[in-house]
Amino acid sequence: MTQVGEGQEAEESAPPVMTFGAPTAGEILAERYELVEHINNDSAGRLVWRGVDVVLRRPVAVVLRYPGGDSATEMLQAAVAASRVIHPNLVGVYDAIDEGERAYVVREWVDGRSLRELVAAGPLDPARATAIGNAVASALASVHATGMVHGNVHPGTVMISDDGRVVLADARTDGDDSQENDVRAVGGILYFALTGHWPHAEAPLRGATAGHGRAAIVDAVRDASGSIAAPRQVRAGVPAYLDDLTMDLLDPEIASPSSDVLAAELGRLDIPAEDHFLDQTGTIRFSADPGDDPSPLAAAGGRKVAIGIAGLLAVALVGLLIGISAFGGDKSPDTQPVARPSASAPAAAGTTAPAPAVKNLTIQDVRIIDPDSSDRAEVRNAEKVIDGDEDEGWETASYRNHGKFGGLKKGMGIWIDLGAPHTVKSLQATLSSTGASAELRAGLADFPSSSSGDKQLVASYTTLIGQPFEGHDGTKMTFNGFDADKQYQYLLFWITELPEKDSGDGWKLGVQEIKVQGS
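Its first residue numbered 1, the sequence shown is counted upward by one per residue in the UniProt record's numbering.
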């Protein structure tokens with residue numbers, strides 16, 4: 001059994017774990033977290049336990065460090081910072097407690113395997129490697145949007161749950177890392193997934209040394225000068241575009257893209273694992289069908305040494321499609337048309353327009369949606385969620401009995417009009433407190449601002465964007481599940497459950513600010 005955030009297993013040379021006063025199964029920490037099973041010790045000497053939150057009755061992972069105090073400051077600070085970012089591909093952090101003689105972090109329990117363990121059975125196919133790289137880049141984009149750095153991206157902190165979810169865990173805040181290093185680490189993840197080798201021997205995993213010990217990962221194949229071999233030189237069947245992208249991310253002489261640009265590109269290249277790859281003996285050029293958006297990845301053959309990857313990812317040469325069963329392959333009935341191979345006119349370098357940059361989109365209009373109320377008392381002040389001031393926002397009334405609006409309503413929401421259709425990357429909602437539940441929906445039309453109009457709107461907005469957030473423990477919700485092949489104008493941030501007020505006197509929520517990014 002493995003657990004998100006355990007990092008690398010301890011080597012013989014790892015710091016010894018203090019056993020005096022060590023926890024035992026059945027012990028309850030902070031009058032809430034019951035320890036059930038000791039899973040392992042990580043390379044930093046921390047104890048990883050499976051536990052249960054006896055209040056919310058949910059499984060948790062508990063990572064303990066002896067002693068607490070100053071020696072645990074970095075771990076606790078990283079946990080507090082990580083708890084502020086909510087994303088489907090980031091492990092949820094629930095609590096961080098320092099008791100002096102020990103400190104511990106409580107976080108989401110996810111059954112699954114680390115990427116390190118998954119690849120131990122053999123390198124992954126390009127489609128799965130691309131999907132994992134996309135998930136990690138998307139998680140980093142959410143972290144970087146707050147100005148923070150993850151600082152610990154490697155095959156031991158990338159987890160794949162039993163249901164296929166990819167989760168990034170174990171952020172660090174030691175001040176020695178940068179957002180650029182995070183992005184380049186995605187190149188390492190892609191390289192490792194495609195080849196089974198780790199390309200960063202000069203910067204080995206924390207607590208591990210490449211080449212020996214239980215935490216070791218096989219070093220990349222290198223020539224006499226120490227340069228690593230490209231994935232296509234190590235393993236047949238790696239598409240040329242993915243080989244180029246991976247090597248450019250690892251090349252310090254080539255400017256790296258931002259994490260959101262990288263996530264957008266990998267999202268376009270995310271191919272269903274059941275599809276088959278065409279012959280990968282050379283780079284294949286594709287031209288977009290009329291009306292399709294071109295991919296921002298340049299498909300010219302060979303390494304792109306002369307141009308930075310940031311420029312590469314901003315150039316839309318052609319729409320890429322790798323992963324069709326044949327040139328006339330089927331497409332899923334619920335997806336948009338995709339670009340097909342064209343042998344007629346490969347794009348000429350330098351003749352294409354730059355891809356639109358990801359930016360904050362202007363929200364033209366907002367409105368409170370309250371279908372189950374006739375007095376319309378709570379529909380005021382919607383404009384405060386887009387005024388740029390997180391200290392002021394719109395808030396619900398206080399409800400008694402329970403958080404589902406006291407049983408009086410199924411929910412309330414904020415309707416968003418972008419003014420025109422846009423390609424949307426993400427929506428982030430900043431809330432007044434933790435513990436709320438909400439989902440994001442998309443629709444095709446506006447309706448009158450009335451109880452009956454709100455009922456029609458809620459009934460017609462049936463497209464869910466990403467997964468709902470339920471009882472989350474942060475004040476920021478980030479939705480990234482937008483279809484890159486679709487455009488959106490109308491969105492509905494729909495609140496399904498309110499958090500209890502600090503005073504314990506009822507349930508209430510404020511939405512301080514909403515931001516939408518796209519092009």
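For every residue, glycine included, the Cβ atom is placed at its ideal position computed from N, Cα and C.
Secondary structure of ILE97 (DSSP, three-state): strand. Assigned with DSSP and collapsed to three states, SER71 falls in helix.
One Cα belongs to VAL221, the other to PHE192, and the distance between them is close to 12 Å.
About 3 Å separates the Cβ atoms of GLY187 and LEU249, confirming a contact at the 8 Å cut-off. Rounded to the nearest angstrom, the Cβ distance from LYS425 to GLN517 is 5 Å, consistent with a contact under 8 Å. Taking C-beta atoms as the reference points, TRP507 and GLY411 fail to come closer than 8 Å. Leaving aside the five residues that flank PHE405 on each side, the residues in its chain whose CB is nearer than 6 Å to its CB run, in chain order, TYR399. For TYR488, the three-state secondary structure derived from DSSP is strand. For ARG441, the enclosing beta strand (DSSP E) has its first and last residue at 437-443. With a cutoff of 8 Å on beta-carbon distance, VAL93 and ARG107 are scored as near each other. With three or more CB-CB distances shorter than 8 Å, the region 456-468 counts as touching the region 430-443.
Contact between ALA442 and LEU491 holds, since their C-beta atoms are separated by about 6 Å, short of 8 Å. Counting the other Cβ atoms within 10 Å of the Cβ of VAL136 gives 16 or more, which makes it buried.
Following the DSSP letters along the chain, one finds GLU117 inside the alpha helix (DSSP H) bounded by residues 115-120. Rounded to the nearest angstrom, the gap between the Cα atoms of PRO448 and ALA382 is 16 Å.
Taking 8 Å as the cut-off, the beta carbon of SER432 is found closer than this to the beta carbon of GLY510. THR478 has GLN428 as its beta-bridge partners, per DSSP.
If you check the CB distance, VAL48 and GLU34 do not come in under 8 Å.
One thing to note: VAL385 has its Cβ within 8 Å of the Cβ of GLU513. C-alpha of GLY453 to C-alpha of ARG102: approximately 56 Å in a straight line.
DSSP places SER161 in the uninterrupted beta strand (DSSP E) bounded by 158-161.
Look at PRO231 here: in three-state DSSP terms it is helix. If you check the CB distance, ASN134 and GLY226 do not come in under 8 Å.
Between VAL119 and ALA169, the beta carbon gap of about 17 Å keeps them out of contact (Cβ cut-off 8 Å). The DSSP-derived three-state label of TYR241 is helix. ILE189 is the residue among LEU408, GLY164, ILE189, ASN181 whose C-alpha sits nearest the C-alpha of HIS154. Note: ASP417 is bridge-paired with ASP365, TYR490 in the DSSP secondary-structure output. For LYS515, the secondary structure class from DSSP, reduced to helix, strand or coil, is strand. In the DSSP assignment, ASP454 falls within the unbroken alpha helix (DSSP H) covering 451-460. Closest by C-alpha distance to VAL166, out of VAL110, LEU245, GLY504, SER503, is VAL110.
Using a 10 angstroms sphere on the CB of ILE132, the tally of other CB atoms reaches 16 or more, which defines it as buried. Short of 6 Å from the beta carbon of HIS87, and not among the five residues preceding or following it, lie these beta carbons of its own chain, in chain order: ALA139, SER142, THR478. Assigned with DSSP and collapsed to three states, GLU180 falls in helix.
Between LYS501 and THR430, the gap from beta carbon to beta carbon reaches 8 Å or more.
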